[in-house]
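With the first letter of the sequence shown counted as 1, position 105 gets the number 620 in the numbering used here; the numbers rise by one all the way through.
Note that beta-carbon positions come from the ideal geometry of N, C-alpha and C, so glycine has one too.
Note that this is a predicted model, so its numbers are computed, not measured.
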Amino acid sequence: MLNSPGDEQAVGGAVTLGLLAAWALHDIEELATVPGWWRRNLPALHERYPAVPETVWRRAGSVEGREFAAAVGAMAAVVAAASVAGRLTGGRSATYQTALNAFGLHGLVHLVQAGLVRGYTPGSATSPLIVVPFALWARRRLRRAGVLRATRPRALALGLGFAGAATVAAHTVARRLTKT
């Protein structure tokens, strides 16, 4: 159910399909920086954080460009589906709102990562410029339109869980697609 064009409180494509656009801009940064950043920084991170399990370092160091690009493509399908669900429901879709929350929280995670590393990490440039502002703006528009679901700790946990599960699934698909 799309909002009528005359509805002043309508949630339009900028809010719903804008999620996909904001995500794409953010992931362009990640595509351009992830593989090289890991190669350059893995030894120092491993030394700085010895409590992190060895399997985490091994897995992080083994992600190559093709696999990461395939994972981004798989994630694009998830974000596109959520954005379209949002558009078709005037922003009411629980899937869209969960994805929007996950996107905003994902941006905050990037900022925390940059703080822990004490420098740039892939995704940390667009997080304060695009990810977090877009998520806050879109939530404000949803609230004004009267369709924003209440955000409780459970909803935030669901958003982080959604982001984590989608990321794991995207990388699993990517590993299978790029396996040689």
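* In angstroms with no decimal places, state the Cα-to-Cα distance between Leu675 and Gly576. => Approximately 24 Å, taken between the alpha carbons.
* Please report the Cβ distance between Gly606 and Leu657, rounded to the nearest whole angstrom; I am assuming they are in contact, meaning their Cβ atoms lie under 8 Å. => Yes, Gly606 and Leu657 are in contact; Cβ-Cβ is about 5 Å, under 8 Å.
* Specify, as a first and last residue, the run of the alpha helix (DSSP H) that Val647 falls within. => 647 to 659 is the extent of the alpha helix (DSSP H) around Val647.
* Asked: Excluding sequence positions up to five away, which residues of its chain have a Cβ less than 7 Å from the Cβ of Leu626?
  -> Correct list, in chain order: Ser639, Ser642, Pro643.
* For Val530, which three-state DSSP category applies? -> Val530: helix per DSSP, three-state reduction.
* Just reading off the alpha helix (DSSP H) that Glu579 is part of, what are its end residues? -> Judged by DSSP secondary structure, Glu579 falls outside any alpha helix (DSSP H); it is assigned neither H nor E.
* Three-state secondary structure (DSSP) of Ser639 -> DSSP places Ser639 in coil when its eight states are reduced to three.
* Closest residue to Arg573 among Val624, Pro558, Ala585, Ala586 (Cα-Cα distance) -> When each option's Cα is compared against that of Arg573, the closest is Pro558.
* **Burial state of Pro668, where buried means 16 or more other Cβ atoms lie within 10 Å** => Under this definition Pro668 is an exposed residue.
* Between which two residues does the alpha helix (DSSP H) carrying Thr617 extend? -> Here the sequence assigns Ala to residue 617, which means Thr is not the residue at that position. Taken as a continuous stretch (DSSP letters only), the alpha helix (DSSP H) holding Ala617 covers 609 to 632.
* Should the segment 584 to 593 be regarded as contacting the segment 644 to 653, the criterion being three or more beta carbon pairs within less than 8 Å? -> No, the segment 584 to 593 is not in contact with the segment 644 to 653.
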